[in-house]
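In the numbering used here, the protein residues as written are 2 to 293. Ideal Cβ placement from N, Cα and C applies to all residues, glycine included. Computed from a predicted model, the values in this text were never measured in an experiment.
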Amino acid sequence: MRGLAEYVMKGRKEAVLVTLIATGTILFAWIGAVVIALVTLRKGPSQGSYVLLWGMLPAITVAAFGDAGPLTTLLGVMLAATVLRATSAWSWALLAAVVSGLLTAAVMLTVGSGYIELIMQVFGDVLAEMAKQSAAAGQEPVTSLESPGAVQVAGLLGVSNTFIIIICLIFGRWWQSLLYNPGGFQQEFHLLRLPPLLAMALLLGSFLLSAMGPDYRFWAVIFALPFLFAGAALVHGIFAQKKLGSAWLSAFYCAWLILAPIKIALLILVVADSWLDIRKRIATGQGDDKAN
2 MRGLAEYVMK GRKEAVLVTL IATGTILFAW IGAVVIALVT LRKGPSQGSY VLLWGMLPAI
62 TVAAFGDAGP LTTLLGVMLA ATVLRATSAW SWALLAAVVS GLLTAAVMLT VGSGYIELIM
122 QVFGDVLAEM AKQSAAAGQE PVTSLESPGA VQVAGLLGVS NTFIIIICLI FGRWWQSLLY
182 NPGGFQQEFH LLRLPPLLAM ALLLGSFLLS AMGPDYRFWA VIFALPFLFA GAALVHGIFA
242 QKKLGSAWLS AFYCAWLILA PIKIALLILV VADSWLDIRK RIATGQGDDK AN
């Protein structure tokens with residue numbers, strides 16, 4: 002990965018070439034988004050926009066055939082990277098990703114009906130096949146599962162867009178750190194914390210959308226994604242301060258995946274951290290211990 006990052010940063014032609022090839026393959030379109038993030042973060046929005054315009058050519062072609070994913074990802078990463086470069090604040094970059102996800106969901110619901118119907122058909126076929134297999138095995142058919150509606154699918158696309166944007170931005174920042182500031186990304190990520198007002202606004206948005214009914218549950222998840230990454234940063238930061246190894250991190254993530262109460266506890270901890278700055282308090286406590 003370092004070799005690819007070094008090649009990209011040789012000049013415009015190299016960055017454009019990698020972006021064009023990656024975006025054109027669809028499967029590796031995320032690499033094109035990472036390149037745009039890296040160029041924008043290092044050289045500024047004007048250089049990033051130049052690479053973006055070339056990368057949009059295959060992305061628009063793919064969108065014409067029904068898959069707008071690469072196009073929305075490139076645009077969203079450009080927005081988030083510009084915000085991160087201008088503010089040096091991951092919290093605002095996460096908010097930019099949320100805005101991109103919401104816009105993606107709204108646009109797809111408005112003008113992407115054909116693509117949404119195709120996804121709904123795929124879900125319907127999968128559920129029909131599951132019911133057929135259950136009947137063949139002499140089991141009761143699963144009646145609780147229903148094919149998602151258009152609003153739900155649009156929200157799911159928004160969630161996917163937001164998540165991929167954040168991941169690509171993280172990779173872009175990591176590449177930048179790898180080339181120009183070794184170890185800088187880790188320090189920056191460990192300090193990621195949502196400001197109190199932003200945390201409250203995201204929670205309110207998530208609750209309001211959830212209250213609108215099952216159709217908007219995925220839309221609510223878009224607002225919740227920043228808490229996922231802020232929680233990861235909090236855990237990594239605390240474990241680093243306590244000098245706990247990777248085995249502890251692995252155990253935590255396994256528990257987080259399996260146990261719902263840990264997800265809830267981490268969400269509460271992230272909200273509390275926005276007000277209390279837990280890592281700073283731990284560092285202060287460790288400093289006092291050493292002084293004594």
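| Check | Outcome |
| --- | --- |
| Cβ shell of Ile-279 (< 8 angstroms), same chain only, five flanking positions each side left out | Leu-235, Ile-239, Leu-270, Ala-273 |
| Ala-155 vs Ala-98 beta-carbon contact at 8 angstroms | no |
| Span separating the alpha-carbon of Ile-259 from that of Ala-266 | 13 angstroms |
| Runs of alpha helix (DSSP H) wholly within the segment 40-92 (minimum 4 residues, chain order) | 46-65, 70-88 |
| Start and end residues, alpha helix (DSSP H) containing Arg-13 | 13-25 |
| Contacts around Leu-119, its chain only, beta-carbon distance under 7 angstroms, and the 5 residues preceding and following it disregarded | Gly-67 |
| Range of the contiguous alpha helix (DSSP H) that encloses Asp-274 | 261-277 |
| CB of Leu-42 within 8 angstroms of CB of Leu-96, strictly | no |
| Cβ contact (3+ pairs, closer than 8 angstroms) linking the segment 70-83 and the segment 169-188 | yes |
| Beta-carbon proximity check, Val-78 vs Ala-16, cutoff 8 angstroms | no |
| Distance between Trp-93 and Ser-161 (C-alpha atoms, nearest Å) | 19 angstroms |
| Ser-275 vs Pro-196 beta-carbon contact at 8 angstroms | yes |
| Beta-carbon proximity of Gly-33 to Gly-4, cut-off 8 angstroms | no |
| Lys-243, DSSP secondary structure in three states | coil |
| Contained alpha helix (DSSP H) runs [length at least 4] in the segment 93-174, N- to C-terminal order | 114-137 |
| Beta-carbon separation (whole angstroms), Ala-90 vs Gly-173, contact threshold 8 angstroms | Going by Cβ atoms, the distance from Ala-90 to Gly-173 rounds to 16 angstroms, so no, they are not a contact pair. |
| Close-in-space but distant-in-sequence residues of the same chain around Glu-7 (CB under 7 angstroms, 5 per side omitted) | Leu-180 |
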